[in-house]
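Q: Residue numbers (UniProt numbering): 1 to 168.
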Ligand code: RP5
């Protein structure tokens, strides 16, 4: 089910269209779990005014968390966190030059007082950011909680059902 049409609770933003290949993994988890969301390109470098507007209006527009992915000099999650007290979940996109270590360090090393919850580099980090956003919302949204619990139970069953790795 695509939840992008309902009033969004999660904003998924990225610094460039080129980040979509990574960030689609966050969006697919939100879709799977029925979490209403929106998706936007918001660049800290190329569209700084849009960044300010997005962050300043996020809470009043109904968002409850922001997943922000960026690569290289990845200022986007930290700048968003500077301008909103919503939870910001940072996803380091794997960069070409330094394999995403630059992105990771740019996002994770926030000074005390302005937190960004930082996830793994690349697709796994994006997927987990989607799951984590759902977990944040699960306390207040029973449908999301059920979907998350079902997902986790299925994931566990898939492993337990095939204990022998040679089994097709
Ligand atoms: C960052 O620069 C973006 O988040 C992207 O990961 C990286 C490269 O952007 P493009 O040159 O592909 O637009 O701002």
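Glycine included, C-beta positions come from ideal geometry on N, C-alpha and C. In this text the structure is predicted, and so the values were computed from the model without any measurement.
For ligand 1, I want to know if residue 42 counts as a neighbour, meaning its beta carbon is within less than 7 Å of at least one of the ligand's heavy atoms.
A: Not so, every heavy atom of ligand 1 lies at least 7 Å from the Cβ.
Q: Is the beta carbon of residue 73 closer than 8 Å to that of residue 239?
A: Absent from the model: residue 239. The displayed extent of the chain is 1 to 168, so no value can be given.
Q: Measuring CB atoms only, is the region 113 to 129 touching the region 89 to 105, in the sense that at least three cross pairs come out at less than 8 Å?
A: Enough Cβ pairs lie closer than 8 Å, so yes.
Q: Within this structure, are the beta carbons of residue 70 and residue 122 separated by less than 8 Å?
A: Their beta carbons are not under 8 Å apart, which means residue 70 does not touch residue 122 by this criterion.
Q: Helix, strand or coil, according to DSSP, for residue 77 in the structure here?
A: Correct three-state label for residue 77: helix.
Q: Along the chain, where does the alpha helix (DSSP H) that runs through residue 52 open and close?
A: Run containing residue 52: 48 to 57, per the alpha helix (DSSP H) assignment.
Q: Hey, quick one: how far does the alpha helix (DSSP H) through residue 157 stretch, first residue to last?
A: Per DSSP, residue 157 belongs to the alpha helix (DSSP H) from 142 to 161.
Q: Since residue 33 contacts residue 148 with CB under 8 Å, what's their CB separation in whole angstroms?
A: 6 Å between Cβ atoms; contact.
Q: Report the three-state DSSP secondary structure of residue 1 (helix, strand or coil).
A: Note that residue 1 scores a pLDDT of 47, beneath 50, so its modelled location is shaky; the value from the coordinates is reported in the next line. Here residue 1 sits in coil by DSSP.
Q: Would you say residue 10 and residue 37 are within 8 Å of each other, going by their C-beta atoms?
A: Going by C-beta atoms, residue 10 is nearer than 8 Å to residue 37.
Q: Can you list, in chain order, the residues of its chain whose CB lies under 7 Å from that of residue 95, leaving out five sequence neighbours each side?
A: Counting only Cβ-Cβ distances below 7 Å, and skipping sequence neighbours, we find 71, 72, 102, 103.
Q: Which residue from 67, 114, 55, 168 puts its Cα closest to that of residue 25?
A: Closest by alpha carbon: 67.
Q: Looking at the strands, I want to know which residues DSSP matches up with residue 23.
A: In the DSSP output, where bridge partners are listed per residue, residue 23 has none listed.
Q: How about residue 102: is its Cβ closer than 7 Å to a heavy atom in ligand 2?
A: Because ligand 2 does not appear in the structure shown, any question about it cannot be addressed here, the ligands present being ligand 1.
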